[in-house]
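Some notes on the structure that comes next.
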Amino acid sequence: MSKPHWTPPKPKSTRCWQNIAKLSVTCPAFPKHQEGRGFHIGATRVQTATSAHRKPLLTRLLPYLLVAPTLLLILTFTLLPAVQSIIDSLYRPAREVNVAPSFVGLQNYLDLFDPVHYIGSRFVTVLGNTVIFAVATTVFTVPLALLFAMLLNRRVRWLGLWRFSLFYPALLPLIGAASIWAFLLADPLGIINTVLRSLGATPVGWLNNPGWVLIAVIAVNIWKQAGYYMIFYLAGLQGIPQDIYEAADLDGTDGWQRLIYITLPLLRRTTLFVLIVTFTFSFQTVEQLQALSEGGPGDSSNLLLYFVFQNISARRNWGYINAMTVILVGLIMAFTLVNFRYFEGRRADEN
Numbered sequence: 625m626s627k628p629h630w631t632p633p634k635p636k637s638t639r640c641w642q643n644i645a646k647l648s649v650t651c652p653a654f655p656k657h658q659e660g661r662g663f664h665i666g667a668t669r670v671q672t673a674t675s676a677h678r679k680p681l682l683t684r685l686l687p688y689l690l691v692a693p694t695l696l697l698i699l700t701f702t703l704l705p706a707v708q709s710i711i712d713s714l715y716r717p718a719r720e721v722n723v724a725p726s727f728v729g730l731q732n733y734l735d736l737f738d739p740v741h742y743i744g745s746r747f748v749t750v751l752g753n754t755v756i757f758a759v760a761t762t763v764f765t766v767p768l769a770l771l772f773a774m775l776l777n778r779r780v781r782w783l784g785l786w787r788f789s790l791f792y793p794a795l796l797p798l799i800g801a802a803s804i805w806a807f808l809l810a811d812p813l814g815i816i817n818t819v820l821r822s823l824g825a826t827p828v829g830w831l832n833n834p835g836w837v838l839i840a841v842i843a844v845n846i847w848k849q850a851g852y853y854m855i856f857y858l859a860g861l862q863g864i865p866q867d868i869y870e871a872a873d874l875d876g877t878d879g880w881q882r883l884i885y886i887t888l889p890l891l892r893r894t895t896l897f898v899l900i901v902t903f904t905f906s907f908q909t910v911e912q913l914q915a916l917s918e919g920g921p922g923d924s925s926n927l928l929l930y931f932v933f934q935n936i937s938a939r940r941n942w943g944y945i946n947a948m949t950v951i952l953v954g955l956i957m958a959f960t961l962v963n964f965r966y967f968e969g970r971r972a973d974e975n
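Numbered continuously in our numbering, the sequence shown closes out at residue 975.
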């Protein structure tokens with residue numbers, strides 16, 4: 625009498641059965657006469673681990689070799705100069721070239737905020753101008769860029785012309801754009817003052833009056849950057865599904881409610897990016913300031929990075945320049961960190 629043929633029980637899931645059939649170690653629980661019939665368990669992981677160890681060394685190192693040049697560039701041109709700048713800010717160079725600099729600790733930082741010091745008396749004013757310039761540029765540029773993007777996201781006539789007109793200032797070179805505005809704001813023969821005079825108004829010394837020059841520089845910077853950041857907001861708006869707005873219309877929401885509760889929350893990432901980049905670039909303003917006012921009159925429109933360039937030629941100022949650079953980077957990092965914490969906190973609260 626022949627032995628009954630044993631067949632393994634069929635799993636409930638066909639996919640499970642197919643996965644079991646792909647395994648390659650014979651299950652010891654099965655009868656001996658069933659071994660070798662294709663029912664195998666558990667060797668796939670062992671084979672995968674073994675094959676990973678058998679990969680050529682170059683294949684395993686290839687990802688690290690591809691990333692290494694970028695990491696080397698970051699280390700060479702970013703991290704090492706930053707560390708060296710922090711170290712140099714604690715030293716004061718000697719007047720003689722062959723004499724080693726002396727360690728002064730935090731004295732360079734204290735001198736920068738000393739109103740009676742020859743460089744500290746100017747630094748406080750320049751730092752205040754820089755903070756006002758960066759905050760004002762960010763506060764006005766970001767909403768204006770969003771407004772432009774919302775207008776261009778609609779179906780309007782001559783859409784291409786409007787897009788080009790709003791984005792065109794971002795295409796101009798910095799020096800070229802600043803030179804155009806220097807001609808428009810010139811006193812007394814500038815076009816703007818000529819128009820004011822023809823209307824019976826008193827001409828304004830836009831670039832010569834300490835009370836107006838910083839405002840003029842801020843306005844030029846906003847005009848230059850708003851169209852650039854408009855592109856990011858326009859891409860973000862076009863990425864929002866229209867089904868959301870259609871559902872909101874069915875609920876009877878108005879335009880203001882759609883903006884507050886739909887558009888702005890969905891543009892949170894874009895807004896975070898635009899805020900950080902706008903604020904960071906505001907601290908790097910040099911070219912247009914040089915073309916418009918050269919930081920004058922006095923230091924009424926001078927900014928921190930341009931102030932560094934003005935004093936870099938004097939050897940005795942090198943310690944102060946490094947200290948100013950550290951303060952500048954610290955302000956940018958603090959602003960970036962605050963924005964990240966704020967937006968991530970809002971996101972966590974909503975979730």
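No residue lacks a Cβ here, since even glycine has one placed at the ideal position from N, Cα and C.
- prompt: Per DSSP, what kind of secondary structure is F907 in: helix, strand or coil?
  reply: The three-state secondary structure of F907, taken from DSSP, is coil.
Can the beta-carbon of L736 be found less than 9 Å from the beta-carbon of F747?
-> Yes, the pair counts as a contact, with Cβ atoms nearer than the cut-off.
Leaving aside the five residues before and after L783 along the sequence, list all residues of the same chain whose C-beta is less than 8 Å from its C-beta, in chain order. If the five residues before and after L783 are omitted, its C-beta is found closer than 8 Å to the C-beta atoms of L776, all from its own chain and listed in chain order.
**Q.** Endpoints, alpha helix (DSSP H) assigned at E870
**A.** For E870, the uninterrupted alpha helix (DSSP H) run begins and ends at Q866 to L874, by DSSP.
Inset, instruction - Give every residue of the same chain whose Cβ lies closer than 6 Å to the Cβ of N845, excluding the five residues on either side of it in the sequence, and list them in chain order. - result: Around N845, the same chain offers T761 as residues with beta carbons nearer than 6 Å, after the five sequence neighbours per side are excluded.
Look at A872 and I884 and say whether their C-beta atoms are less than 9 Å apart.
No.
Considering just the uninterrupted stretch of the alpha helix (DSSP H) at K848, what are its terminal residues? From DSSP, the alpha helix (DSSP H) with K848 extends over V837 to Q862.
- Task: For the alpha helix (DSSP H) holding Y742, just list the boundary residues, first then last.
- Result: Going by DSSP, Y742 is part of no alpha helix (DSSP H) at all; its letter is neither H nor E.
Q: Give the single residue among L730, A724, G824 and G800 whose Cα lies nearest to the Cα of I951.
A: When only C-alpha atoms are compared, the closest one is L730.
inquiry  = Tell me the rounded alpha-carbon separation between L704 and V953.
reply    = For L704 and V953, the distance between alpha carbons rounds to 14 Å.
Buried or exposed: where does D878 fall if 16 or more other Cβ atoms within 10 Å of its Cβ makes it buried?
Burial call: exposed.
How big is the Cα-Cα spacing for A673 and P693? Note on A673: pLDDT 49, under 50, position unreliable in the model; no value is reported.
Subject >> Buried or exposed by the 16-neighbour rule on C-beta atoms within 10 Å, applied to A972 >> reply: A972 comes out exposed.
Can you name the residues that DSSP bridges to Y715? Its beta-bridge partners are F727.
Cβ-Cβ separation, W830 to L809 (assumed contact under 8 Å), whole Å: Correct: roughly 4 Å between the Cβ atoms.
Review point. When you compare each of L681, Y688 and L714 to A947 by their alpha carbons, which one comes out closest?
Key: It is L714.
**Prompt:** Cα separation between A769 and I756?
**Reply:** Taking the straight line joining both Cα atoms gives about 20 Å.
Residue from L913, R893, V841 and P921 whose Cα sits closest to the Cα of G969: Among L913, R893, V841 and P921, the Cα nearest to that of G969 belongs to R893.
Reference P889, options L861, D867 and R779, closest by Cα: Nearest Cα to P889 within the set L861, D867 and R779: L861.
- Query: Relative to the C-alpha of L929, which residue among L695, I956 and F967 is closest?
  - Reply: Of the residues L695, I956 and F967, the one whose Cα lies closest to the Cα of L929 is I956.
Test item: CB-CB of A773 and I710 under 9 Å:
Not in contact: A773 and I710 (Cβ atoms no closer than 9 Å).
- Can the beta-carbon of V750 be found closer than 9 Å to that of L916? Their beta carbons are not under 9 Å apart, which means V750 does not touch L916 by this criterion.
Assign L696 to one of three DSSP states: helix, strand, or coil.
DSSP places L696 in helix when its eight states are reduced to three.
Exposed unless 16 or more other CB atoms sit within 10 angstroms - verdict on A801: A residue is called buried once 16 or more other Cβ atoms fall within 10 Å of its Cβ, and A801 is buried on that count.
Quiz item: For L891 versus I864, is the C-beta distance shorter than 9 Å?
Solution: A contact, by the Cβ cut-off of 9 Å.
**Asked** Which word fits Y688, buried or exposed, when buried means at least 16 other C-beta atoms lie within 10 angstroms of its C-beta?
**Response** Result: exposed.
Top-ranked residue by Cα proximity to I839, from Q708, W805 and T702: Cα-wise, what sits closest to I839 is W805.
Checklist entry - Three-state secondary structure (DSSP) at D735? => result In the structure shown, D735 sits in a helix (DSSP, three-state: H, G or I).
With H, G and I counted as helix, E and B as strand and the rest as coil, what does DSSP make of W786?
W786 falls in the helix class under three-state DSSP.
*Skipping 5 residues on each side, what residues in its chain have a beta carbon closer than 8 Å to that of F897?*
Closer than 8 Å at the Cβ level, and outside the excluded window around F897, lie F856.
For T904, tell me which candidate among Q866, F967, T765 and N935 has the shortest Cα-Cα distance. Scanning Q866, F967, T765 and N935 for the CA closest to the CA of T904 turns up T765.
**Study point:** Closest by C-alpha distance to L771, when choosing among T895, S745 and L686
**Key:** Minimum Cα distance to L771 is reached at T895.
Query raised in the report: Using the rule of at least 16 other Cβ atoms within 10 Å of the residue's Cβ for burial, across every protein chain shown, is G835 buried or exposed?
Result: Classification for G835: exposed.
Q. Is it true that the CB of N963 sits closer than 9 Å to the CB of L858?
A. Judged by their CB atoms, L858 and N963 are not nearer to each other than the 9 Å cut-off.
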